[in-house]
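A.B. asks: Counting in our numbering, the sequence shown runs from 1147 upward without gaps.
Where is the CB? At the ideal position from N, CA and C, for every residue including glycine.
Following this message is one structure expressed as C-alpha cells.
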Amino acid sequence: PLDQLYIAISKVFDSWFSTKAISYRNIMGISDDWGTAVTVQAMVFGNFSNYSGSGVFFTHNPRWSGDMILLWGDFTLGNQGEDVVSGLVRTLPISSRQAEMENRDPESSLEIMFPEIYQDLRKWAKKLIYDEGWSPQEMEFTFEGPGSRNLYLLQTRDMFMRERKKTYSFEEAYRDERNFLGHGIGVGGGAMSGRIVFSVEEIRYWRQREPQTSLILIRNDTVPDDIKEIYEADGLLTARGGSTSHAAIVAHRLGKTCVVGYSPLLCDEREKTCFIKGIKLKSGDWISIDGTEGSVYKGYIKVKKVEI
C-alpha cells in the first residue's frame, strides 16, 4: 500500500509538467515555478449507494457579486467528485433558489432531496465566511448517506469573482420565439450570436475569413484537453456538465459566454454536425446563446449592451 501511495503522489507531482498543464498555465498566466501540492486523505465514496453522491458548490452566486450566502453549484448521485468536475455527467442543482433561476425543478435540488446534508453545508459556509472572515469559497464534498455523519468536506479554495459592469442581452425586436430551442445552465457572459465550430482548425478558418464574427464551440462534454478550443472560441455550449465543471470555470475566468448542461444537444464532432430537437446544425451555421439565463436559439439574433 505504501508503494502505491508513493506512486500516486509522484504522478500528481509529475502532472505539473504534462502538456495540457503547461498549456493551461500559459493561457491562464500561471507561473511555471509554483509546482503543485498533494493532499493525502482517506477515501470516501460518492458511489456507495443510491443515497450517496458528490458535488461542488460556491458559497455565493457566481453570476452576481454580493455578501449574501447562497449555495450554488452541482451534485450528482452515485458518482465520484471527478465525474462532476470533468463535466461528464448530468448534474443537479444545490439549492432550490438556484434551480428556479436555472429553469430546473426545485424538487431535484440537494436542498430538497437531502435537507440534512444541505443544512450542514450551509452551516460550514456561514462559519468560514462570517465567523472566520474567509473570502467566498468553492467547496468540494462527498456524502455516503443522507445524514450529517455521512458528509465529508474534501477541499475548499477561494472562489473566482468576476466583476461585470456591462453585459449583453438579445434585442427583443429580433428575438423570434419560433427559433427558441430551450434552456441549459447559464454560466456567464451575457447573450451572443455566433457561428458553430467544433475544432481549433475551424476556429482559425473563420478567424481568417470573418475576423469580426463570434464563434461558439459545441461539445457533448469537455475535458481539460479542450482548453485551447475554449480559449480561442468566444462562447461554449455543452450537453453535459454543470456550473462547477472544469470547462465552465475556465470559460468564466476567461470571460467567455457559456451555457452547459443543455440536454437536447447531441454532438457529432467527427461529422462536424449537431442535432437539437431534431434540427440538424453544421459547422458554420448560426446559433445564439445567453450565458445569463441559459437560453439557446437557432440562427442569428442582434444583441445590445446593457448596464448591470
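Helix, strand or coil: which one does DSSP assign to Ile1433?
C.D. replies: Strand.
A.B. asks: Kindly indicate the opening and closing residues of the alpha helix (DSSP H) around Ile1376.
C.D. replies: Unbroken alpha helix (DSSP H) run through Ile1376: 1373-1378.
A.B. asks: Closest to Ile1425 by CA distance: which of Ser1441, Gly1445, Ser1281 is it?
C.D. replies: Of Ser1441, Gly1445, Ser1281, the residue nearest in Cα terms is Gly1445.
A.B. asks: How do the region 1272-1282 and the region 1421-1440 stand: do at least 3 beta-carbon pairs fall below 8 angstroms, yes or no?
C.D. replies: Short answer: they don't touch.
A.B. asks: Alpha carbon to alpha carbon, what distance is there between Ser1294 and Thr1182?
C.D. replies: Distance between the alpha carbons of Thr1182 and Ser1294 is about 32 angstroms.
A.B. asks: What are the start and end residues of each continuous beta strand (DSSP E) run of 3 or more residues lying completely inside the region 1334-1402, in chain order?
C.D. replies: Whole beta strand (DSSP E) segments, 3+ residues: 1337-1343, 1361-1365, 1381-1384.
A.B. asks: Using DSSP with H/G/I as helix, E/B as strand and the rest coil, what is Thr1165?
C.D. replies: In the structure shown, Thr1165 sits in a helix (DSSP, three-state: H, G or I).
A.B. asks: Closest Cβ-Cβ distance between Pro1261 and chain C: below 8 angstroms?
C.D. replies: This model lacks chain C altogether; it includes just one protein chain.
A.B. asks: Specify the secondary structure class of Ile1153 as computed by DSSP and reduced to three states.
C.D. replies: Ile1153: helix per DSSP, three-state reduction.
A.B. asks: With a 10 Å radius around its C-beta and 16 neighbouring C-beta atoms as the bar for buried, classify Val1455 as buried or exposed.
C.D. replies: As displayed, the chain neither begins before 1147 nor continues past 1454, which places residue 1455 out of reach and without an answer.
A.B. asks: With DSSP as the reference, label Met1285 as helix, strand or coil.
C.D. replies: Note: Met1285 maps to strand in three-state DSSP.
A.B. asks: Go ahead and pull the three-state DSSP assignment for Leu1148.
C.D. replies: Helix.
A.B. asks: Judging by CA-CA distance, which residue of Trp1432, Arg1324, Pro1261, Gln1244 is the nearest neighbour of Asp1220?
C.D. replies: Looking at the Cα atoms, Gln1244 is the closest of the given residues.
A.B. asks: Take every Cβ of the region 1185-1198, pair it with every Cβ of the region 1282-1291, and state whether three or more of those distances are shorter than 8 angstroms.
C.D. replies: Enough Cβ pairs lie closer than 8 angstroms, so yes.
A.B. asks: To which residues of the same chain is Ile1522 closer than 7 angstroms at the C-beta, ignoring the five residues directly before and after it?
C.D. replies: For the chain, the structure presents residues 1147 to 1454; residue 1522 sits outside this window and is missing.
A.B. asks: Alpha carbon to alpha carbon, how far is Ser1391 from Val1186? Give it in angstroms, no decimals.
C.D. replies: In a straight line, the C-alpha of Val1186 is about 23 angstroms away from that of Ser1391.
A.B. asks: Opposite Gly1175 in the DSSP bridges: which residues?
C.D. replies: Per DSSP, none; premise fails for Gly1175.
A.B. asks: CA-CA distance, Ala1188 and Tyr1320?
C.D. replies: Ala1188 and Tyr1320: Cα-Cα distance of roughly 55 angstroms.
A.B. asks: Note the first and the last residue of the continuous beta strand (DSSP E) segment covering Val1202.
C.D. replies: Counting along the chain, the beta strand (DSSP E) containing Val1202 begins and ends at 1199-1204.
A.B. asks: Pick helix, strand or coil for Trp1280, following the three-state DSSP scheme.
C.D. replies: Note: Trp1280 maps to coil in three-state DSSP.
A.B. asks: Can you tell me whether DSSP reads Lys1312 as helix, strand or coil?
C.D. replies: Strand at Lys1312.
A.B. asks: Is the CB-CB distance between Ser1169 and Lys1374 below 8 angstroms?
C.D. replies: Contact: yes.
A.B. asks: Can you tell me the Cα-Cα spacing of Asp1266 and Thr1384, whole angstroms?
C.D. replies: The alpha-carbon atoms of Asp1266 and Thr1384 are separated by roughly 31 angstroms.
A.B. asks: Please classify Lys1451 as buried or exposed, where buried requires at least 16 neighbouring CB atoms within 10 angstroms.
C.D. replies: Per the 10 Å Cβ criterion, exposed.
A.B. asks: Check the DSSP bridge columns for Gly1219 and list the partner residues they point to.
C.D. replies: Gly1219 pairs with Phe1203.
A.B. asks: Given this structure, state the Cα-to-Cα distance separating Thr1368 from Arg1399, to the nearest angstrom.
C.D. replies: Thr1368 and Arg1399: Cα-Cα distance of roughly 16 angstroms.
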